[in-house]
Amino acid sequence: MVNDSITQLLFNALAQRQTVVLPGIGSLRFKRIAAKLEGSTLTPPRNMFRYSSREEGRSLLDMLISAADCSREEGEEAYRRWLRRIKQGHSIVIEGVGRIEEDFFKPSDELEQLLNPVASAPITIKRRRSWLGAWITLAAVAVIGVAGAAWWYVQMQPTSTPAVVAQKVKKTKTEVVKIAEKVDSVVAEQVATEVAPEVAPEVAPEVAPVQKESAPASAPTPAPVSTEVGEMTSGMSYVVMGVFSTEENARKYVTQLAKRAPEIGCRIYRFQGAKFMVSGFESADGAAATTFIREHRTQFPDLWAYKRK
440 MVNDSITQLL
450 FNALAQRQTV
460 VLPGIGSLRF
470 KRIAAKLEGS
480 TLTPPRNMFR
490 YSSREEGRSL
500 LDMLISAADC
510 SREEGEEAYR
520 RWLRRIKQGH
530 SIVIEGVGRI
540 EEDFFKPSDE
550 LEQLLNPVAS
560 APITIKRRRS
570 WLGAWITLAA
580 VAVIGVAGAA
590 WWYVQMQPTS
600 TPAVVAQKVK
610 KTKTEVVKIA
620 EKVDSVVAEQ
630 VATEVAPEVA
640 PEVAPEVAPV
650 QKESAPASAP
660 TPAPVSTEVG
670 EMTSGMSYVV
680 MGVFSTEENA
690 RKYVTQLAKR
700 APEIGCRIYR
710 FQGAKFMVSG
720 FESADGAAAT
730 TFIREHRTQF
740 PDLWAYKRK
């Protein structure tokens with residue numbers, strides 16, 4: 440499960456088969472291996488990423504800065520914090536994306552499934568007097584390849600749900616920009632207006648004391664604690680505690696958070712179609728989100744904000 444803002448940017452770029460530069464680490468270069476027939480063994484085509492120490496391709500840092508519409512200094516600080524989390528000795532472990540070790544990149548099962556939806560195990564061809572069997576096998580491989588490409592194409596189409604953050608599927612250029620809405624909390628605090636990507640969040644407001652008298656119309660309202668799944672409201676800013684691939688995981692997180700920080704009321708919302716977002720605070724006043732995130736940064740360093748269009 441991918442549940443990290445910058446990691447989500449990387450996953451979506453790789454899912455769309457882009458070559459990506461990880462500043463300070465190297466590059467992940469997309470490569471398609473063509474089908475190969477050696478003797479009686481036929482190896483189907485395969486999509487993969489290879490690690491290179493050379494930095495060639497689109498920079499993940501530039502994606503982050505563009506998505507959050509922040510300064511380079513702010514983007515670099517968020518990226519440095521992310522690097523500290525993924526470096527483990529001589530290895531780079533990016534949860535939900537893959538692992539770089541000894542100059543070799545091994546994708547996660549989820550990414551591998553997107554890249555190669557059809558199994559690519561070698562096929563043994565039994566030779567006969569005629570090449571009819573070989574041609575039939577080649578035709579079968581071609582059909583499988585077309586089916587896999589069709590499956591990938593369908594999976595990469597945007598859902599009918601008007602999600603702002605793109606899924607790990609193929610998107611248009613405009614939608615891809617929305618993928619970067621899930622950025623690091625430091626960057627999210629600087630976004631005061633709506634930004635554009637299966638990925639840039641908006642800032643969400645601080646929980647203001649409940650007053651019965653002379654409460655301003657834009658006063659932030661704390662989100663109630665609930666495990667029911669709701670629908671987001673246009674124009675509202677939400678402080679995102681986490682994004683989960685299943686409703687069950689989201690409910691478990693809300694239950695755990697109620698014990699860890701009972702002062703924060705949480706609610707679950709549908710997010711980018713198939714995912715579920717846990718919001719710890721919401722308000723029509725976007726400026727209050729920055730304050731909320733700042734005051735809770737020590738306890739929750741990865742908070743970020745999202746404003747519903």
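Per my numbering, the sequence shown runs over residues 440 to 748.
Cβ atoms here follow ideal geometry from the backbone N, Cα and C, with glycine treated the same way.
All of these numbers come straight from a predicted model, not from anything done at the bench.
Output the distance between the C-alpha atoms of residue i and residue j, rounded to the nearest integer angstrom.
| i | j | result |
| --- | --- | --- |
| T458 | K545 | 15 Å |
| V557 | E551 | 10 Å |
| K612 | I464 | Annotation note: pLDDT 40 at K612 (below 50); position unreliable, no value reported. |
| L453 | E686 | 25 Å |
| A643 | L481 | Unreliable positioning characterises A643 in this predicted model, as indicated by a pLDDT of 38, which lies under 50. A coordinate reading is not provided. |
| R706 | L449 | 27 Å |
| Q527 | A517 | 18 Å |
| F710 | S444 | 14 Å |
| E652 | S722 | Since pLDDT at E652 reaches only 44, below the 50 mark, its modelled position is unreliable, and the value read off the structure follows with that caveat. Distance between the alpha carbons of E652 and S722: 19 Å. |
| W743 | D548 | 27 Å |
| F543 | R489 | 7 Å |
| M502 | S530 | 23 Å |
| V679 | R497 | 27 Å |
| A399 | F683 | Any answer about residue 399 is impossible in this case: the structure gives the chain only from 440 up to 748. |
| E734 | D741 | 12 Å |
| Q650 | Q695 | In this prediction, Q650 has a pLDDT of 43, which is less than 50 and means its spatial position is unreliable; what the coordinates show is noted afterwards. Computed Cα separation, rounded: 29 Å. |
| A727 | Y677 | 10 Å |
| Y708 | E670 | 6 Å |
| I525 | S479 | 43 Å |
| A697 | T730 | 21 Å |
| R485 | A579 | 16 Å |
| G386 | I564 | What is shown of the chain runs 440 to 748, which leaves residue 386 out entirely. |
| R511 | R520 | 14 Å |
As a quick exercise: from the options, pick the residue whose alpha carbon is nearest that of residue i.
| i | options | result |
| --- | --- | --- |
| Q447 | T672, L499, T730, I703 | L499 |
| G719 | P561, S505, R511, Y692 | Y692 |
| P462 | G514, E667, A700 | G514 |
| T737 | A700, F683, F715, F469 | A700 |
| G725 | S547, K748, Y708, T666 | K748 |
| R468 | S479, E477, G478, Q455 | Q455 |
| V585 | S547, E494, P483, E512 | P483 |
| V668 | M716, E702, G674, V678 | M716 |
| A581 | V682, A473, R511, L522 | A473 |
| A487 | A689, R511, L554 | First, the residue type needs correcting, since residue 487 is Met and not Ala in the sequence shown. Among A689, R511, L554, the Cα nearest to that of M487 is on L554. |
| T672 | I539, P740, Y745, L696 | Y745 |
| E477 | R511, E541, I562 | I562 |
| K475 | V460, I703, T576 | T576 |
| E380 | E512, S491, R520, A713 | Because the chain spans 440 through 748 in this model, residue 380 falls outside it and cannot be assessed. |
| I732 | I703, K714, A713 | I703 |
Considering residue i, what are the terminal residues of the alpha helix (DSSP H) in which it resides?
| i | result |
| --- | --- |
| T730 | 726-734 |
| E687 | 686-699 |
| I525 | 511-525 |
| Q552 | 548-554 |
| S492 | Run containing S492: none; DSSP gives neither H nor E here. |
| D508 | Careful: D508 lies outside any alpha helix (DSSP H) and carries neither H nor E. |
Provide the residue span of the beta strand (DSSP E) that contains residue i, from first to last.
| i | result |
| --- | --- |
| R456 | Per DSSP, R456 belongs to no beta strand (DSSP E) and is neither H nor E. |
| A744 | 743-746 |
| M671 | Element bounds for M671: n/a, residue is neither H nor E. |
| E540 | 537-540 |
Could you name the residues that DSSP lists as bridge partners for residue i?
| i | result |
| --- | --- |
| R485 | I472 |
| S530 | Q527 |
| I464 | DSSP, once it has assigned bridges, lists no residue as partnering I464. |
| T480 | E477, T563 |
| V679 | S718, W743 |
| I707 | V668, V717 |
| F543 | E540 |
Any Cβ of chain B within less than 8 Å of the Cβ of residue i?
| i | result |
| --- | --- |
| A506 | Absent here is chain B; the protein component of the structure consists of one chain. |
Hey, is the region 532-543 in contact with the region 503-513, meaning 3+ C-beta pairs nearer than 8 Å? no
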